[in-house]
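Since the structure comes first, as structure tokens, the remarks are kept for the end.
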Amino acid sequence: MFNNFFKKLTFKHTLITISVVFITGALLSFFQIIYDISLTRKKITDDIKRLANITEEAAAQSLYHLDKVQAEKLIKGYIKYPPIKNASLTDNFGITLYTESSNKKQKSSIFKFFFSDQTENYHFNLFYTTENNSLISVGRLEIQTDYSAVYGEFEDRVKFIAVSNIFQNIFLALLIALIFHKSLTRPILKLSQSIAKINPRSPKGNKVNLPSGHEKDEMGSLASAINTILREYSDLNLQLEKRVEERTYDLQQANDKLTESLNQLENAKDKLVESEKMASLGSLVAGVSHEINTPVGNSVTAASYLFGKLQIFKKNFIINELSSKEIDSFISNSDEALDIIMKNLERAAKLVSSFKQIAVDQTYSSMRIFEFKKHIEDILMSLKPKLKGLDIEINIKCKENLFIFHDPGIFYQIFSNLIINSIIHGFESSQQKKVIEIDVFANDKDIKIMYMDNGKGINEKFHKKIFEPFFTTTKKNGGSGLGMYIIYNLVTQKLSGTIESLNSEKGRGACFFITFPFPKE
Amino acid sequence: MNNLAGKKFIFLYIIIILLTFSTLKAQAEFIILGDPWPPWTSENYGPAQGGIAVDFAYKLFENAGIKIQIHLHPWKRVIRMIQYGQADGILMTQPSKELSEFIHFTEPVFSGKEVICFNKVNTPDFKWNSFNDLKNFTIGTILGYNYGNFSSAKENLSLKTVESQNLISNIKKLVMGRIDLVICDFAALNTILNNNPELKNSISISEKPLYEWKYSIGISKFSELFDKREDIDRLIIKMKKQS
């Protein structure tokens, strides 16, 4: 209860007011008392001088007559004045006629710290005037004042003022607390209670009640200001809600458009990827066609040659003009032609056999068991048209009989893209011997592939971006920017593995490290 | 130029100093003190304006070739001034042991008597034979005066006395009834009564004197005048013979 009271505004304001009043009052009283003491000291000085002036003649007479009785009466009279501590009459022979000190006890007072002198000495030279108006120096009156009595009085007064101030301040504190409570705290409390009832979620119609009797003062102004703000807040809130609705609608529209665009973009990307794949396939087909064209052409030539020889032979046979020499020659030529045909057709068949599987893998995604090294060799074979004339040495390090169960088309995409990138980017304008190393490490858990070339490498500023879609440094030369993106997606999504570029230093070649879990059937 | 003016100034200064001292020496006078005591002296403080003792002293010292000034001060101050060497002699004083320590008493110059006067309205039947008879009275005396045997009786019998600065003060107190008796010089009292005849209605003098006295001139033993004491004594004797 008291803790709450001490935190209240009434208590704080009362405490501050009373403190200020008390400190100010105490300081003023203190300075007033110091000033009064100074005045009193001056008054005492004036009194002493006046007293000496009044009694000068009597004192001079007592000294002139060396009248100790009269001197004693005078001195005792001086001593009755409280500030006088000691008084003495000394004749002009240096003999003290009478001296007496006050037996008043000296008090130690705090005021002595503010005034350097606790006592003060006064000397009055006395002259006796004879009947013929001649002045005779008869001695001096010496008075010593002691201000401790004065200080004591003022100290008592200070104590009285302090005590009365305390009571006065207690009374004032209660009065001010009451006034503060009635005029400030209570209206503020009512106002705060009224404010607390305001529902910020529905500001419409909210209103702060004006404290009664405070309609025209600051409290009323505050309440009016709050009500004005509430009204404006309500209006603004309505406007805001309306604007939010509008913006939400606009946003929804924009979002829909964006989603549509995104879908279109995704479709476009997929189409692009597919196109890339198809282009790759087309390229494969073109390469294969070109490769097959030679043995088939040779076979056709040999067959045509054989056909021509056969026609001649047949004609001569019909007319029986065949000589044994001609028969032998025909047989020999036929053997040779057939040998050529057979060899070229076997080569074509071998090519077709290799390309067939690659083409199928490319066209149809299907899981099958295949030997990994042979598959890579087939891929290289399919890329032979691309590699022709480039003098690129491709070394494969992979253990034999590494059979895996997976979609082999994925690896065609991966390796063909890597090799084509090495050709286009890595070995571009390279004068040195071009080497590509493909190292495959396999264990029961995973397969690791290290792909390296000795080309110009990848610029560091592009290195992190190479896996982003549509990133290419050869856009003008027809680069789609999807090759590495396709590799990344195939490795991460189809193989559930990772791919990273290990060497980004320019001039030291590109190096990709692919790892993926060993595929289980 | 300046040096010459400075030398002239110093020379002039020395001349003035020498002249001043020589004048002072020539004009050196001995200071003789007394107190207001008509008819022996004048009644006011300061330079004596006449009186029997004053006139005699001037004549005496003139005959001795000694210049004097006579000043009147309260008796106690007179004694103090002699003690402190501020004066050379006392006009009239009774020889006493206390004063003889620093005063040489000349041959007696005057004689008289000390009497007790009383207020005849308040104490009309006053008479006294011994100091014991004074016990119940307040007696007015003069500050610093030596009253011979009375002084010792006052101590022994604890007589109640009130000291005043002079005789006229005591007389006034007596008339006012503030004191009962006043010890005074007979001649001085008569002078006061003659000057103030109205006092005669209230003051009366006891028949028996307190004591009779002889006054001498007192010469300070600290004064140069002390060296001329024998000349002065001889002159006094001579003047007394010549009446």
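Respectively, the protein sequence lines represent chains A and B.
The numbering of the first sequence is the numbering used here, which starts it at 1 and goes up by one.
The numbering of the second sequence is the numbering used here, which starts it at 522 and goes up by one.
From the three backbone atoms N, C-alpha and C, an ideal C-beta is built for every residue, glycine too.
- At a beta-carbon threshold of 7 Å, none of the residues of chain B lie near A/V158; the nearest stands roughly 49 Å away.
- For B/G661, the uninterrupted beta strand (DSSP E) run begins and ends at T659 to I663, by DSSP.
- Residue environment: B/R598 is assigned as buried (16 or more neighbouring CB atoms within 10 Å of its CB, all protein chains considered).
- In summary, A/V138 is buried, with 16 or more beta-carbon neighbours lying within 10 Å of its beta-carbon over all protein chains present.
- Here B/R601 is buried: its Cβ has 16 or more other Cβ atoms, across all protein chains shown, within 10 Å.
- Here the alpha carbon of A/S148 sits roughly 20 Å from the alpha carbon of A/A162.
- The shortest CA-to-CA distance from B/I740 to any of B/D748, B/E733 and B/G571 is the one to B/D748.
- At least one CB atom of chain B sits nearer than 7 Å to the CB of A/S134.
- Counting only Cβ-Cβ distances below 8 Å, A/F127 has no contacts in chain B at all, with the closest Cβ about 13 Å away.
- In this structure A/P200 is exposed. Its beta-carbon is surrounded by fewer than 16 other beta-carbon atoms within 10 angstroms.
- It is roughly 38 Å from the alpha-carbon of A/K216 to the alpha-carbon of A/L27.
- Remark: fewer than three beta-carbon pairs, one from each stretch, lie closer than 8 Å, so the stretch 754-761 of chain B and the stretch 654-663 of chain B are not flagged as touching.
- Chain-ordered, the chain B residues with CB closer than 9 Å to the CB of A/Y64 read Y566, H594, P595, R598 and Q686.
- Secondary structure remark: continuous alpha helix (DSSP H) runs of at least 4 residues inside the stretch 432-473 of chain A, in chain order: 460-463.
- Taking C-beta separations shorter than 8 Å and ignoring five residues to either side along the sequence, the partners of A/E500 in its chain run F512 and F513, following chain order.
- Separation of the CB atoms of B/Y566 and A/T130 is rounded to 4 Å, and the pair is thereby assigned contact status at 8 Å.
- Cβ atoms of B/I589 and B/Y579 come within 8 Å of each other, at about 7 Å.
- Bridge pairing for B/V683: B/G661 [DSSP].
- Listed by position along chain B, the residues whose Cβ is nearer than 8 Å to that of A/E131 are N565, Y566 and G567.
- Beta-bridge pairing by DSSP links A/F30 to no other residue.
- Within chain A, the C-beta atoms nearer than 8 Å to that of B/L664 come from H65, L66 and D67, in chain order.
- Counted as a single uninterrupted DSSP element, the beta strand (DSSP E) harbouring A/L126 occupies residues T119 to T129.
- Straight-line measurement puts the Cα of A/L380 at about 16 Å from the Cα of A/F370.
- Look at the beta carbons and you see the stretch 150-169 of chain A not touching the stretch 85-104 of chain A: under three pairs across the two are nearer than 8 Å.
- The beta carbon of A/E377 sits closer than 8 Å to those of I396, all from its chain and outside the five residues before and after it, given in chain order.
- Neighbours of B/Y605 in chain A, taken as residues at a C-beta separation under 8 Å, are given in chain order as F93.
- Chain order gives no chain A residues near B/R699, where near means a beta carbon separation below 7 Å; the closest approach is about 14 Å.
- Annotated as distal: A/F405 and A/P295, with beta-carbon spacing of 7 Å or more.
- Look at B/R755: its C-beta is not under 7 Å from any C-beta on chain A.
- Put simply, the stretch 94-105 of chain A does not touch the stretch 172-192 of chain A. Fewer than three CB pairs are less than 8 Å apart.
- Spanning the alpha carbons of B/R699 and A/Q61 requires a straight line of approximately 21 Å.
- Restricting attention to alpha helix (DSSP H) runs no shorter than 4 residues, the stretch 292-320 of chain A encloses none.
- The Cβ-Cβ distance between A/V435 and A/I449 does not fall below 7 Å.
- Among the residues facing chain A, B/R750 is not included, as its CB has no counterpart in that chain under 7 Å away.
- For A/Y151, there is no enclosing beta strand (DSSP E); the enclosing alpha helix (DSSP H) covers residues S148 to F180.
- With respect to the 7 Å criterion, A/F127 and A/L141 are not classified as neighbours on the basis of their beta carbons.
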